[in-house]
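Participant: So the sequences go chain by chain: A and B.
Here the first sequence stands for residues -18 to 390, numbered as in this note's numbering.
Here the second sequence stands for residues -18 to 390, numbered as in this note's numbering.
The C-beta atom is built at its ideal place from N, Cα and C for all residues, glycine as well.
There are 2 protein chains.
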Amino acid sequence: MYKPVDNRNAISIDEARKIIVDNIDSVKLTTEKIAATAANHRIIAEDVTAPHDFPTFRRSGYDGFAMLQSDLTNLPADLKVVGDIPAGADFDRPLVSGEAVRIMTGGYVPDGADIVVMLETTRMIDKDTVQITEIQKKDNITQIGDYFKKGDTLLAKDTEINPGGISLLSAFDVQEISVYKKPTIGIITTGSELLNPGEKIVNGKIFNSNGPMIRDLCKENGADVISYTQIKDDPAALKSAVNDLLGKCDVIITDGGVSVGDFDIIADLAKSSEKLLFNKLEMRPGSVTTAFIYNGTLFFGLSGNPGACFTGFYLYVEYALRLMQHQASRCIECTGTLNAEYTKTNMYDRILRGQYKFVGDHIEIGRVGGDASGNLNNLQRATCMFEIPRGKSITSKDSRLRTWLLPFK
Amino acid sequence: MYKPVDNRNAISIDEARKIIVDNIDSVKLTTEKIAATAANHRIIAEDVTAPHDFPTFRRSGYDGFAMLQSDLTNLPADLKVVGDIPAGADFDRPLVSGEAVRIMTGGYVPDGADIVVMLETTRMIDKDTVQITEIQKKDNITQIGDYFKKGDTLLAKDTEINPGGISLLSAFDVQEISVYKKPTIGIITTGSELLNPGEKIVNGKIFNSNGPMIRDLCKENGADVISYTQIKDDPAALKSAVNDLLGKCDVIITDGGVSVGDFDIIADLAKSSEKLLFNKLEMRPGSVTTAFIYNGTLFFGLSGNPGACFTGFYLYVEYALRLMQHQASRCIECTGTLNAEYTKTNMYDRILRGQYKFVGDHIEIGRVGGDASGNLNNLQRATCMFEIPRGKSITSKDSRLRTWLLPFK
């Protein structure tokens, strides 16, 4: 009436991640050129270098007067104001001894001038004469190329662009850049118990909550979800859904069908794959989380259990999606200090969904809501996950635990 | 030849933020109904409550057999297997004494049954008979309403939805929700020195780098940028650009024109506003960052200096955009430990752009690139900002400093 549980080789979280690292090159992302204006949070695929020195002209650091340092040997010095250089203006001739020009912050320092005296330390003694009384310590001029020389790397390959990078591209008028294509994802949620939105609730059936969650998790982590399918626990339907997607996406994520019952349709697919990465983890929840490569596509089989699906996504799928894009996981690993004793023990490492806060210079972590993995009540509220190490000891308050701060929370 | 510097009343970062808090109600966001599928990272404007108990039926926590506890008084107990309840299936009659049904994780527990015995602790002694030998500690049944009762709050007003919340809405088939509209932003960058993309570089002119940065900062912080304009330092042009935007956006951000020179066109606008919030801050860079309310619209005047613009955006604009949406800033404030001595001192608090990392359970912070505020070289790389307190003392290595971890970096 039921198949015996497969003999599966359980491995640790770190071993599973190492296997992902070792196999990530199976899923290489190609590159594309895009407009810099659309580049925020895309990943640079080729170094962007400075097309010219920056600044391109000698620039005043302050509002004040540009002049020659040699005119300031004997103070007070009175200088003839021969012009005015507002921001954006050029000046038509070199400055000579005895002359000063009014200049704005960022303004063009004319040839000949080698110092800008701050406005606040000057005074006009008549309408055309400025007097300097203080000894000047700095020239207040940013030289050509002070910030970047032509050919300097502005944004290195494999950098995720943020608005700071956008400002850099804009400053050099770099209008197009080469980036990695976004990973394309197909999501297949399996389960004969799953209703479609709008259907009537009946005994035994539930609405699909993991599928929409996975879809938004993929999107916010930089992937393009190109297909989303909900099927029954039926090997033929799975095969057909998978065949529809092969060659069209970089990653296929299935949800459900990875448990130990009669309908382990993902396990069967994994068995026929060219490379099983893992199908049993020494962790709870989600010990049956599965990953394999099938027809050149990276598959993740997440548990249908909400808590396990959530945990499996952040620990393995997010990790892989970022690796594919030459990035580290955005789940920032750190050490949290537990705010209350935790008494449950397990032979596997237990990953709890929690919240964190900064208290002084420490990161305090604590549980949020129930830890039943079927319970949806803390997926919204969890801002971190942390690890209760396997073993028979109770985990005491103030234990320092491996913690992952979750992104976009 | 130039106007004297205005007498401006400098206030601290915290005082400025307090003023923003006190005036944020001037900019109330209205609400709109949107599809739950489009709700990730939107802010709930009305409590979402459970339309029914959850689970809606008694649910099995494991693969196994459902039966009556009263049949397990004397062990071993042999029970007749009268059926099979895969995921998603109903069962047509109550179970009675002596009977068991095979059930999957998440399956419907039939009336009459009051325990699910895990598959691993059972054995089939013939094709129709299952034998239980172990004493059972738990019933492994999730009762109707165990996770949520009808009317329970699923997502409270003012919650930012994340994929966990999407899963919750999906589980209850909530297809539409009420959210705050995104703040609408108009950006006006001012500066006669600014070139447009594609223009030829000439002495005195630069490409606009702050405008594109502000645009992407607004977008990634949940705002809709509905207008982006670049104008010269010209009060009439500013007036016209502002008039075009009034009534069309919640916030107008200007960049440039806030320094102490001849062309303080933003200061003039601020002077004519109904409410000046601040126009001088005890901080560097960005001491001239200005905020005011003009014709019912919240204005921020950021410095044209890249470092000051960046700092001003995160400390005040991001702060206000999040407040308008009933949220705390995503710049997470914490205490960082400085990785090297900092010798510059200032009468104002200095905000440095830096990077952080978790070292043990501490947050180590350090400078990145140069701190010249005109230098663009660290805006991309900065992942945090930290405060060098005002005063005459050198800031020693290992100083514990007020730090903001920057979002989306």
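Pairs of beta-carbons, one from the stretch -10 to 8 of chain B and one from the stretch 259 to 278 of chain B, closer than 8 Å: are there three or more?
Facilitator: Yes, the stretch -10 to 8 of chain B is in contact with the stretch 259 to 278 of chain B.
Participant: Using a threshold of 8 Å, state whether the C-beta atoms of I274/A and D330/A are closer than that.
Facilitator: Along the first sequence, read from residue 1 onward, the residue named residue 274/A stands at position 293. Along the first sequence, read from residue 1 onward, the residue named residue 330/A stands at position 349. Cβ distance not < 8 Å, so I274/A and D330/A don't count as in contact.
Participant: Mark N224/A as exposed unless 16 or more other C-beta atoms lie within 10 angstroms of its C-beta, in which case mark it buried.
Facilitator: Within the first sequence, the letter at position 243 stands for residue 224/A. Burial call: exposed.
Participant: Counting contacts by CB-CB distance shorter than 8 Å, is V183/B in contact with chain A?
Facilitator: On the second sequence, residue 183/B is found 202 positions in, with the first residue counted as 1. Closer than 8 Å to some Cβ of chain A, the Cβ of V183/B qualifies, so yes.
Participant: For E299/A, which three-state DSSP category applies?
Facilitator: One-based indexing of the first sequence puts residue 299/A at position 318. In this structure, E299/A counts as helix in the three-state DSSP scheme.
Participant: Can a CB atom of chain B be found closer than 8 Å to the CB of N224/A?
Facilitator: Stepping through the first sequence from its first residue, residue 224/A is reached at position 243. For N224/A, the answer is no, since every Cβ of chain B falls outside 8 Å of its Cβ.
Participant: Quick one: which unbroken alpha helix (DSSP H) runs of 4-plus residues sit fully inside the stretch 178 to 242 of chain A? Chain order, please.
Facilitator: As far as the stretch 178 to 242 of chain A is concerned, its whole alpha helix (DSSP H) runs of at least 4 residues are 191 to 201, 216 to 226.
Participant: Which residues in the same chain as E27/A place their Cβ atom closer than 7 Å to its Cβ, once the five residues preceding and following it in sequence are excluded?
Facilitator: For this step, residue 27/A is matched to residue 46 along the first sequence. Around E27/A: K138, S159.
Participant: Where in the stretch 109 to 160 of chain B do unbroken runs of the alpha helix (DSSP H), each at least 4 residues long, occur, reported from the N-terminal end onward?
Facilitator: As far as the stretch 109 to 160 of chain B is concerned, its whole alpha helix (DSSP H) runs of at least 4 residues are 144 to 152.
Participant: So Q124/B contacts chain A; which residues on that side make the cut at Cβ distance below 7 Å?
Facilitator: Residue mapping note: residue 124/B aligns to position 143 of the second sequence, counting from 1. By Cβ distance, chain A contributes nothing, its closest Cβ being about 12 Å from Q124/B, past 7 Å.
Participant: Please look up how many angstroms separate the CB atoms of A81/B and K61/B, rounded, as I've assumed it's under 8 Å.
Facilitator: Against the second sequence, residue 81/B aligns to sequence position 100. Against the second sequence, residue 61/B aligns to sequence position 80. So it is a contact: roughly 7 Å between Cβ atoms.
Participant: So if DSSP puts E314/A in a beta bridge, which residue, or which two residues, is it bridged to?
Facilitator: Counted from its first residue, the first sequence places residue 314/A at position 333. Answer is W385/A.
Participant: Mind checking if L149/A is an interface residue toward chain B, Cβ cutoff 8 Å exclusive?
Facilitator: In the first sequence, residue 149/A corresponds to position 168, counting from 1. Chain B, which has a Cβ nearer than 8 Å to the Cβ of L149/A, makes this yes.
Participant: If you measure from the beta carbon of G146/A to each beta carbon in chain E, is any gap under 8 Å?
Facilitator: Here the protein chains are A and B, and chain E is not one of them.
Participant: Please report the distance separating the alpha-carbon of L150/B from that of C230/B.
Facilitator: If you number the second sequence from 1, residue 150/B lands on position 169. If you number the second sequence from 1, residue 230/B lands on position 249. Going from the Cα of L150/B to the Cα of C230/B covers about 30 Å.
Participant: Exposed or buried, what is Q306/A when buried is set at 16 or more other beta-carbons lying within 10 Å of its beta-carbon?
Facilitator: Position 325 of the first sequence, counted from the first residue, corresponds to residue 306/A. Buried is the call here.
Participant: Using 8 Å as the Cβ pair cut-off and three pairs as the minimum, do the stretch 56 to 76 of chain B and the stretch 171 to 181 of chain B touch?
Facilitator: Touching, no.
Participant: If you compare alpha carbons, which of G79/A, T324/A, T364/A, L296/A is closest to I0/A?
Facilitator: Here residue 0/A refers to the residue found at position 19 when the first sequence is read from its first residue. Cα-wise, what sits closest to I0/A is L296/A.
Participant: By the criterion of Cβ-Cβ separation under 9 Å, what are the contact partners of F291/A in chain B?
Facilitator: As a first step, residue 291/A must be located in the first sequence, where it is residue number 310. Those are P144, G145, S148, listed as they occur along chain B.
Participant: Keeping to the same chain, check which residues put their C-beta closer than 6 Å to that of T165/B; ignore five residues upstream and five downstream.
Facilitator: For this step, residue 165/B is matched to residue 184 along the second sequence. If we look at T165/B and ignore the five residues flanking it on each side, its Cβ neighbours are D205, I207, C230, D231.
Participant: Select from the stretch 369 to 388 of chain B all residues with a C-beta closer than 7 Å to any C-beta belonging to chain A, and list them in chain order.
Facilitator: For the stretch 369 to 388 of chain B, which is checked against every Cβ of chain A, the residues closer than 7 Å are R381.
Participant: Is there a Cβ of chain A sitting closer than 8 Å to that of K130/B, yes or no?
Facilitator: Working through the second sequence from its first residue, we reach residue 130/B at position 149. For K130/B, the answer is no, since every Cβ of chain A falls outside 8 Å of its Cβ.
Participant: Taking the straight line between their C-alpha atoms, what separation do you get for N189/A and L136/B?
Facilitator: As a position in the first sequence, residue 189/A is number 208, starting the count at 1. As a position in the second sequence, residue 136/B is number 155, starting the count at 1. Taking the straight line from one Cα to the other gives about 18 Å.
Participant: Distance check for F38/B and G355/A, CA to CA, integer angstroms please.
Facilitator: Mapped onto the first sequence, residue 355/A falls at position 374. Mapped onto the second sequence, residue 38/B falls at position 57. Spanning the two alpha carbons is a distance of roughly 14 Å.
Participant: Examine chain A for any beta-carbon lying closer than 8 Å to the beta-carbon of H307/B, and answer yes or no.
Facilitator: Working through the second sequence from its first residue, we reach residue 307/B at position 326. Not one chain A Cβ lies under 8 Å of H307/B.
Participant: Quick one: what does DSSP say K398/A is sitting in, helix, strand or coil?
Facilitator: Shown here, chain A extends from -18 to 390; a query on residue 398/A therefore has no answer.
Participant: Can you say whether V349/B is buried or exposed, counting buried as having 16 or more other CB atoms within 10 angstroms of its CB?
Facilitator: The count along the second sequence starts at 1 and reaches residue 349/B at position 368. With 16 or more other Cβ atoms within 10 Å, it is buried.
Participant: Looking at chain B, is there any beta carbon in it that lies within less than 8 Å of the beta carbon of D243/A?
Facilitator: Residue numbering aside, residue 243/A sits at position 262 when the first sequence is read from its first letter. Because D243/A sits at a pLDDT of 48, beneath the cut-off of 50, its placement in the model cannot be relied upon, and the following sentence gives the value as read from the coordinates. Closer than 8 Å: yes.
Participant: Express the C-alpha separation of K325/B and S380/B in angstroms, rounding to a whole number.
Facilitator: Here residue 380/B corresponds to residue number 399 of the second sequence, with the count starting at 1. Here residue 325/B corresponds to residue number 344 of the second sequence, with the count starting at 1. Whole-angstrom Cα-Cα distance: 14 Å.
Participant: So, at 7 Å on beta carbons, what are the nonlocal neighbours of N327/A in its own chain, with the 5 sequence-adjacent residues on each side left out?
Facilitator: By one-based count along the first sequence, residue 327/A stands at place 346. Within the same chain, N327/A has close Cβ partners R265, R371.
Participant: Do you know offhand how far V29/B's Cα is from G179/B's?
Facilitator: Taking the first residue of the second sequence as position 1, residue 29/B is located at position 48. Taking the first residue of the second sequence as position 1, residue 179/B is located at position 198. Each residue's Cα considered, the two are about 50 Å apart.
Participant: Please list the partners that A38/B has in chain A, where partner means a Cβ-to-Cβ separation under 7 Å.
Facilitator: The count along the second sequence starts at 1 and reaches residue 38/B at position 57. Sequence check: residue 38/B is Phe here, not Ala. Neighbours of F38/B on chain A, chain order: N184, G185.
Participant: What are the residues of the stretch 327 to 361 of chain B that lie near chain A, defined by any Cβ-Cβ distance shorter than 7 Å?
Facilitator: So the close ones are F339, G341, D342, H343, I344, G355, N356, L357, N358, L360, Q361.
Participant: DSSP three-state label for V77/B, please.
Facilitator: Start at 1 with the first residue of the second sequence, and residue 77/B comes out as number 96. It is coil, neither helix nor strand.
Participant: Have a look at P216/B and I247/B and give me their C-alpha separation to the nearest angstrom.
Facilitator: For the purposes of this step, residue 216/B is taken as residue 235 along the second sequence, with counting starting at 1. For the purposes of this step, residue 247/B is taken as residue 266 along the second sequence, with counting starting at 1. Their Cα atoms are separated by approximately 8 Å.
Participant: For the candidate residues D236/B, Q112/B, A94/B, whose alpha-carbon lies nearest to that of N121/B?
Facilitator: Position 140 of the second sequence, counting from 1, holds the residue named residue 121/B. Ranking D236/B, Q112/B, A94/B by Cα distance to N121/B puts A94/B first.
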